[in-house]
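Engineer:
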Amino acid sequence: MQITIFGTGYVGLVTGACLAEVGHQVMCMDVDQKKIDGLRKGVIPIYEPGLEPIVTHNHDAGRLRFTTDVSEAVAFGDLQFIAVGTPPDEDGSADMQYVLAVAASIGEHMDGYKVIIDKSTVPVGTADRVAEAVRGQLSTRGKSLDFDVVSNPEFLKEGAAVNDFMKPDRIIIGTDSDRPMELLKELYYPFNRSHDRVIFMDVRSAELTKYAANAMLATKISFMNEMANLSERLGADIEHVRRGIGSDPRIGYHFIYPGCGYGGSCFPKDVKALSRTAKEYGYQARVLDAVEAVNESQKEVLFDKISHHLKGELKGITVALWGLSFKPNTDDMRESSSRVLMEKLWAAGARVQAFDPEAMEETQRLYPDRSELSLCGTKEQALKGADILVICTEWKEFRSPDFAQIAASLTVPVIFDGRNLYDEDVLSRHGLSYYAIGRGQNQFR
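Numbering follows the numbering used here, with no gaps: position 233 of the sequence shown is 277.
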């Protein structure tokens, strides 16, 4: 099949590469000429495990093309995916300008039947707005052409997006018309050989399914962080509690790990956008508002623990920081807990020596002129001359470090662990004090 994808970010590029991998002909369109030039040369603009080889392979094989020409892109595909960003607006709602701009472009250039597929995470009712934008352009041109708008939300985890696309748990397709069904069945047939993963529903239900899924996962995280904070005050260990409740199959172990707050491009944005949508329809989504409030507060927990341990004397201290991305296996720092921590540390007069396996360039881009920030080539280099160690991201290489070296490097032998990676007894044998999340520390009792 011939497929056009507008947008070459996480969703668009992964979608395009994976569809080409199973044999479809794909053209990815983006307005960023530099990005497109790079992709044609094999330069991948994001870090995503497994993505680079399939982009390179399929581009070399001629199944994956890149362009900045809108008319070429619209002419190429019978299926037109919209996979551009929907960043949060000032009021928390999703900014739809890029989605609607693509819809208008399709209406401006199409010359026959198209299936327009909303792949971006968009508010309920977006398909109607996309259809209106297309019809508006067709009317301006004096054309009467058939098209359908379908909702096909993505469920890709950053750091595992390629595997998620190739081996999906489900493929949600929202359509109010029979005509696109057969085309989308054919499109996704290669991903359905063991069993049918496609779930058809109406458009609005599909649009809400994506938001509901992310809101549910964010709710589990905020709930566990709430229990972790309560555990500290009660003298309980949240890790014991986690195993106790996770053994209940109705709850399970997924997304019940306490930490220093969730981040990324999805959960924060989508919880806010869904809450905003609820308000637009006269409903206050109190659970969603609480999920967001707990998460924003949780991002300050590490700073509070550091300040408590150092009795508020943070001016002039040097903090070794391991982990900058919002989670492992990505370089994405959007809404990352590390950013909140660093900015609070700088405001208090502290310095930061940071290391992350993948997010160093992104950190440099975000903070190009911070004299209080040193980016180090290894986690060991970040320890040199540091007073304390803080961990924000649970990269595998942080799980079993040399604790004797850490103790010898730090002038104040203490670790603040935002992801509960370590055993307090092991650290104690090396002379290290240890602050984790919800592990029964008595600073609040």
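Note that CB positions come from ideal geometry on N, CA and C, so glycine has one too.
Could you have a look at Ala392 and say whether DSSP puts it in helix, strand or coil?
Structural biologist: Three-state result, Ala392: coil.
Engineer: Quick check on the DSSP output: the alpha helix (DSSP H) that includes Met71 runs from which residue to which?
Structural biologist: That residue, Met71, is in no alpha helix (DSSP H); its beta strand (DSSP E) goes Gln69 to Met73.
Engineer: Can you tell me whether Gly56 is helix, strand or coil according to DSSP?
Structural biologist: In the structure shown, Gly56 sits in a helix (DSSP, three-state: H, G or I).
Engineer: With a threshold of 16 other CB atoms inside 10 Å of the CB of Gly106, please say whether the residue is buried or exposed.
Structural biologist: The residue in question, Gly106, is exposed, as its Cβ has fewer than 16 Cβ neighbours within 10 Å.
Engineer: Enumerate, from N- to C-terminal direction, the unbroken beta strand (DSSP E) stretches of 3 or more residues contained entirely within the segment 329–398.
Structural biologist: Entirely contained in the segment 329–398, the beta strand (DSSP E) runs reaching 3 residues are, in chain order, 362–366.
Engineer: With DSSP collapsed to three states, give me the class of Val168.
Structural biologist: Here Val168 sits in coil by DSSP.
Engineer: Can you give me the C-alpha to C-alpha distance between Ala64 and Leu471, rounded to a whole angstrom?
Structural biologist: Roughly 49 angstroms between the two C-alpha positions.
Engineer: Return helix, strand or coil for Tyr479, following the three-state DSSP convention.
Structural biologist: Tyr479: strand per DSSP, three-state reduction.
Engineer: Please give me, in chain order, every unbroken run of the alpha helix (DSSP H) with length at least 4 that falls completely inside the segment 170–217.
Structural biologist: Whole alpha helix (DSSP H) segments, 4+ residues: 170–185 and 205–210.
Engineer: What's the gap between the Cα of Arg463 and the Cα of Ser382?
Structural biologist: If I take the Cα positions, the gap works out to 12 angstroms.
Engineer: In the DSSP assignment, the alpha helix (DSSP H) including Arg414 goes from what residue to what residue?
Structural biologist: Counting along the chain, Arg414 falls outside any alpha helix (DSSP H), and DSSP gives it neither H nor E.
Engineer: Taking only three categories from DSSP, how would you classify Asp461?
Structural biologist: DSSP places Asp461 in strand when its eight states are reduced to three.
Engineer: Using CA atoms only, rank isn't needed, just tell me which of Glu468, Thr407 and Gly360 is closest to Leu432.
Structural biologist: Checking the sequence shown, residue 432 turns out to be Ile, not Leu. Ranking the options by Cα distance to Ile432, first place goes to Gly360.
Engineer: Which residues does DSSP list as the beta-bridge partners of Gln46?
Structural biologist: Gln69.
Engineer: Report the partner residues of Ala426 according to the DSSP bridge assignment.
Structural biologist: BP columns for Ala426 are empty, so no partner.
Engineer: Pick helix, strand or coil for Thr111, following the three-state DSSP scheme.
Structural biologist: Residue state, collapsed to three classes: strand.
Engineer: Have a look at Thr100 and Cys72 and give me their C-alpha separation to the nearest angstrom.
Structural biologist: Computed Cα separation, rounded: 14 angstroms.
Engineer: Between the segment 364–382 and the segment 293–301, do three or more beta carbon pairs fall short of 8 angstroms?
Structural biologist: No contact exists between the segment 364–382 and the segment 293–301.
Engineer: Between Ile459 and Leu278, what straight-line distance do the alpha-carbon atoms span, to the nearest angstrom?
Structural biologist: Each residue's Cα considered, the two are about 22 angstroms apart.
Engineer: Since I believe Ala272 is in contact with Ile481 (beta carbons under 8 angstroms), could you give me their beta-carbon distance rounded to a whole number of angstroms?
Structural biologist: At roughly 5 angstroms, the Cβ-Cβ gap stays under 8 angstroms, so Ile481 and Ala272 are in contact.
Engineer: Is it buried or exposed, Thr422, if we count other Cβ atoms within 10 angstroms and call 16 or more buried?
Structural biologist: Counting Cβ neighbours within 10 Å, Thr422 comes out exposed, since fewer than 16 surround it.
Engineer: Return the first residue and the last residue of the beta strand (DSSP E) that Ile123 is part of.
Structural biologist: The sequence given here places Leu at residue 123; Ile does not occur at that position. Residues Leu123 to Ile126.
Engineer: So Phe299 is in the alpha helix (DSSP H); what residue range does that whole segment cover?
Structural biologist: That residue, Phe299, is in no alpha helix (DSSP H); it is neither H nor E in DSSP.
Engineer: Pro132 bridges to which residues according to DSSP?
Structural biologist: Ala138, per the DSSP bridge assignment.
Engineer: Which of the three DSSP states, helix, strand or coil, is assigned to Asp222?
Structural biologist: Coil at Asp222, not helix or strand.
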